[in-house]
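Quick notes on the structure that follows.
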Amino acid sequence: MIAIIKFSGDPLINISGAYFPAWLACMIAGLLGTWISAIFFGRCGLTQVMNPPGLMIPSLFAAITLWVWIFYFAAQ
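Here the working numbering is used: position 39 in the sequence shown is 41, and no number is missing along the way.
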């Protein structure tokens with residue numbers, strides 16, 4: 003049996019009259035979220051929990067980016 007998947011959301015976002023790919027806006031939100039989270043973890047003294055940082059920071063970035071993507075397109 004072949005499953006047919008229908009998407010309800012358009013992968014374009016209208017920002018000031020220009021249509022940007024949605025993945026670019028989600029990546030920027032993920033980058034900002036990761037940066038804010040890293041500052042928060044540093045101020046709370048939780049940097050030792052984020053070991054190894056070479057694995058944890060990109061994982062946090064991917065998680066935030068995908069969460070924003072799912073949240074935005076599930077709301078449409």
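Beta carbons: idealized from backbone N, C-alpha and C, even for Gly.
Please state whether the Cβ-Cβ distance between residue i and residue j is less than 8 Å.
i	j	result
G44	I66	no
Give me the Cβ distance between residue i and residue j, rounded to the nearest whole Å; I'm assuming they're in contact under 8 Å.
i	j	result
L33	F63	7 Å
Relative to the alpha-carbon of residue i, which residue among the options has its alpha-carbon at the smallest distance?
i	options	result
I59	V70, W37, G47	W37
Excluding five sequence neighbours on each side, which residues of the same chain lie with their C-beta closer than 6 Å to the C-beta of residue i?
i	result
C28	T67, V70, W71
Apart from the five residues on each side of it in sequence, which residues of its chain come closer than 7 Å, Cβ to Cβ, to residue i?
i	result
T49	F43
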